[in-house]
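Student: Just so you know, the protein sequences line up as chains P and W, in that order. Letter 75 of the first sequence, counting from 1, is numbered 282 in my numbering, and no numbers are missing. Letter 155 of the second sequence, counting from 1, is numbered 157 in my numbering, and no numbers are missing. Each residue gets a CB set at the ideal place from its N, CA and C atoms; glycine is no exception. Take a look at this one; I'll ask things after.
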Amino acid sequence: MSFRTFAFLCWLILLVNGCAKPQSLYARIGGQPVIDIVAGNFTNEISFSNTIFPYFSETNVDKFQASLATHLCDVAGGPCSYTGDSMQQVHAGMQITKNDFNKVVELLQIAMKKAGVAYPLQNELIAKLAPMRKDIIESKNNDKR
Amino acid sequence: MRCSLHNYAKRAESQIMHWAVIVIAGIVVTFATSAQAGNGKLLATSGLHQLEGSGGGGLTPWATLAGYDEEGQYSVNLVSTGVYVNDFKLQVLGLSASWSDRFEISFARHNFDLKTFGGEIKQNVVGLKARVYGDVVYSTGPQIAVGLQYKRLLDGYIASLLNADDQQGTDFYMSATKVHLAALYGYNLFWNLTARVTKANQLGLLGFGHSTNNSYELHPEISTGVLVSPKLAVGLEYRSKPNFLNLKEEDWYDFFVAYFPSKQVSLVGAYSNLGIIAGQDDQQGLYLSLSLALD
Chain P
208 MSFRTFAFLC WLILLVNGCA KPQSLYARIG GQPVIDIVAG NFTNEISFSN
258 TIFPYFSETN VDKFQASLAT HLCDVAGGPC SYTGDSMQQV HAGMQITKND
308 FNKVVELLQI AMKKAGVAYP LQNELIAKLA PMRKDIIESK NNDKR
Chain W
3 MRCSLHNYAK RAESQIMHWA VIVIAGIVVT FATSAQAGNG KLLATSGLHQ
53 LEGSGGGGLT PWATLAGYDE EGQYSVNLVS TGVYVNDFKL QVLGLSASWS
103 DRFEISFARH NFDLKTFGGE IKQNVVGLKA RVYGDVVYST GPQIAVGLQY
153 KRLLDGYIAS LLNADDQQGT DFYMSATKVH LAALYGYNLF WNLTARVTKA
203 NQLGLLGFGH STNNSYELHP EISTGVLVSP KLAVGLEYRS KPNFLNLKEE
253 DWYDFFVAYF PSKQVSLVGA YSNLGIIAGQ DDQQGLYLSL SLALD
């Protein structure tokens, strides 16, 4: 194969790859059925957690689960748009610490694992949620890092 | 006079070491009653313990503090590390404490077995570290920490034989560490950059500086790796080193696999290449480390 042919093939591969629409995280996770299982598992995990459950003592569980499923669908690039309260509004005054936040991340990891979401996809979803942390936690010395 | 000065120095030194251990014990007693044991960080994000006892990778201190403490928590860790290369064996026993993911104090004892030459060199290291910015996972920029490692040989005979300038020295460093979530095909990627100023010959085991040159040198240290599963990390490290003694001291490399079965235990196996040590070339071999949380 001449260098010219090789270069052409490379260009072709790049073109095809570039043009093929990359599948959304939502699609790769398995769409709404899997998102719904994750939201259900996550709600269960929260109800079993002594540290996190108290924050949800006045929460309507069904409403929360539905709202979460929509939010996850939206964040993962699915065909939903979350129109609920902002993360700042939802968590205002709850004094959520960095420990609590990480605990919730751990519960979400368990929820995704139990739903059969592969580890790299779990990471991708957490990466999309991570920027919300600054709107959720409340640090004693305002060190939100 | 010289003798009494020497004794005085010995006493002062053992006092420093005792203080380090007392401070760590004090942290346990104080925080055990008022604060939670450390479990607030995500698995593996505490990092490991490096050769001089500080939180880090294996060869290099990182900006991470070696415990799972988050705000309002404390942690205490015991670490045992062995490096087995052709002509030498280094054993490290360390104790560290950190609190609120803000400060770390560490104590380490080096036992350096000169298998080929015969004999042993012992050294104590006290480390201090403070996180000054960021969160290793969540902040936009990297987590940044500054630290120092005060080292003192218990017996400076070999160091003085090699014309080292001193039997004690302090390294100062600044580290930047960052985890990039899902950055590599969905896997979490991490890196660390450390700038260290040092006079230490082979960690200080061969003394500090040279009788003709005892000025600090700046050396970079680099680590990078991937979390291949929630409990398993693999990575590479590089540590630049000075060559005060003109014994062709070389830079260090390693390739490591770290296993985090829980927040109480971490295990590291590495292939390390330590180059030429005290004129003996090709010092490569196994690095093994076990850390246990005591809090």
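1) Could you give the C-beta distance for residue 183(W) and residue 53(W), rounded to a whole number, given that I count them as a contact under 8 Å?
2) On a Cα-Cα basis, can you pick out the residue from 236(P), 281(P), 213(P) and 345(P) that is closest to residue 304(P)?
3) Ignore the nearest five residues each way along the sequence and tell me which others in residue 181(W)'s own chain have a CB closer than 6 Å to its CB.
4) Kindly confirm or deny that the segment 216–223 of chain W and the segment 234–250 of chain W touch, where touching means at least three C-beta pairs closer than 8 Å.
5) When DSSP labels each residue in this structure, what does residue 270(P) get in the three-state scheme?
6) Sorted by chain position, which residues of the same chain lie with C-beta nearer than 6 Å to residue 269(W)'s C-beta, five sequence neighbours on each side aside?
7) Quick check on residue 215(W): buried or exposed, where buried means 16 or more other Cβ atoms within 10 Å of its Cβ?
8) For the segment 70–81 of chain W and the segment 34–48 of chain W, state whether three or more C-beta atom pairs, one from each stretch, are separated by less than 8 Å.
9) Show which residues of chain P have a CB atom less than 8 Å away from the CB atom of residue 106(W).
10) Buried or exposed: which applies to residue 290(W), given that a residue is buried once 16 or more other Cβ atoms fall within 10 Å of its Cβ?
11) So the alpha helix (DSSP H) residue 234(W) belongs to, where does it begin and stop?
12) Do the segment 149–159 of chain W and the segment 110–126 of chain W make contact, defined as three or more Cβ pairs closer than 8 Å?
13) Please report the Cβ distance between residue 239(P) and residue 285(P), rounded to the nearest whole angstrom; I am assuming they are in contact, meaning their Cβ atoms lie under 8 Å.
14) So is residue 220(P) buried or exposed if we call it buried at 16+ other beta carbons inside 10 Å?
15) Among residues of its own chain, excluding the 5 on either side of residue 136(W), which ones have a beta-carbon nearer than 7 Å to its beta-carbon?
16) Got a sec? Which residues, its chain only, sit under 7 Å from residue 117(W) by beta carbon, not counting five neighbours each side?
17) So, at 6 Å on beta carbons, what are the nonlocal neighbours of residue 99(W) in its own chain, with the 5 sequence-adjacent residues on each side left out?
18) Taking the alpha-carbon positions, what's the residue 236(P) to residue 119(W) distance?
19) Comparing the C-beta of residue 188(W) with each C-beta of chain P, is any distance below 8 Å?
20) In angstroms, rounded to a whole number, what distance separates the CA positions of residue 263(W) and residue 162(W)?
21) Going along the chain, which residues of the segment 39–62 of chain W sit with their C-beta nearer than 9 Å to a C-beta in chain P?
22) With 16 as the cutoff for other CB atoms within 10 Å, does residue 298(P) come out buried or exposed?
23) Are any of the Cβ atoms in chain W nearer than 8 Å to that of residue 334(P)?
24) Would you identify the three-state DSSP class for residue 187(W), choosing helix, strand or coil?
25) Using a Cβ cut-off of 7 Å, pull out every chain P residue sitting near residue 183(W), in sequence order please.
26) How many angstroms separate the CA atom of residue 178(W) from the CA atom of residue 212(P)?
27) Counting contacts by CB-CB distance shorter than 8 Å, is residue 266(W) in contact with chain P?
28) Pull out every residue of the segment 253–267 of chain P whose Cβ sits closer than 7 Å to any Cβ of chain W, in chain order.
29) Would DSSP call residue 246(P) helix, strand or coil?
30) Just to confirm before moving on: does the CB-CB distance between residue 39(W) and residue 297(W) stay below 8 Å?
31) Return the residue from the list 248(W), 97(W) and 101(W) that minimises the CA-CA distance to residue 41(W).
32) Of all Cβ atoms in chain W, is any one closer than 8 Å to the Cβ of residue 305(P)?
33) Out of curiosity, what's the CA-to-CA distance linking residue 304(W) and residue 283(P)?
Tutor: On the basis of the supplied data:
1) In fact, because the Cβ distance is near 29 Å, the residues do not count as touching under 8 Å.
2) Its Cα nearest to that of residue 304(P), the residue 345(P) stands out among 236(P), 281(P), 213(P) and 345(P).
3) The residues are 138, 139, 190 and 192.
4) Taking 8 Å as the limit for Cβ pairs, the verdict is that the segment 234–250 of chain W does touch the segment 216–223 of chain W.
5) Reduced to three states, the DSSP call for residue 270(P) is helix.
6) 261 and 292.
7) Exposed, by the Cβ-count rule.
8) Verdict: yes, contact present.
9) Here the premise fails: no neighbours, minimum Cβ distance about 17 Å.
10) Its Cβ having fewer than 16 others within 10 Å, residue 290(W) is exposed.
11) For residue 234(W), no alpha helix (DSSP H) encloses it; the enclosing beta strand (DSSP E) starts and ends at 234–241.
12) Result yes; three or more Cβ-Cβ pairs closer than 8 Å.
13) Right, the Cβ-Cβ distance comes to about 7 Å (below 8 Å), so this counts as a contact.
14) Around the beta-carbon of residue 220(P), fewer than 16 other beta-carbon atoms lie within 10 Å, marking it exposed.
15) The beta carbon of residue 136(W) is closer than 7 Å to those of 143, 144, 145 and 146 in its chain, skipping five residues each way along the sequence.
16) Cβ within range, chain order: 89, 90 and 91.
17) Once the five neighbours on either side are set aside, the close Cβ partners of residue 99(W) are 26, 29, 78 and 107.
18) Straight-line measurement puts the Cα of residue 119(W) at about 60 Å from the Cα of residue 236(P).
19) Cβ-Cβ to chain P under 8 Å: yes for residue 188(W).
20) Approximately 44 Å between the Cα atoms of the pair.
21) 41, 42, 43, 44, 45 and 47: these are the residues of the segment 39–62 of chain W whose beta carbon lies less than 9 Å from some beta carbon of chain P, given in chain order.
22) Flag for residue 298(P) reads buried.
23) Yes, residue 334(P) counts as interfacial toward chain W.
24) Coil.
25) Ordered by position in chain P, the residues that pass the 7 Å Cβ test against residue 183(W) are 330, 333, 334 and 337.
26) The alpha-carbon separation between residue 178(W) and residue 212(P) amounts to approximately 45 Å.
27) False, the Cβ-Cβ gap to chain P never drops below 8 Å.
28) Of all residues in the segment 253–267 of chain P, none has a Cβ within less than 7 Å of some Cβ in chain W.
29) Here DSSP, grouped into helix, strand and coil, assigns residue 246(P) to helix.
30) Taking 8 Å as the Cβ cut-off, residue 39(W) and residue 297(W) qualify as a contacting pair.
31) That would be 101(W), whose Cα lies nearest to the Cα of residue 41(W).
32) It does; some Cβ of chain W falls within 8 Å.
33) Not covered by the structure: residue 304(W). The range shown for chain W is 3 to 297.
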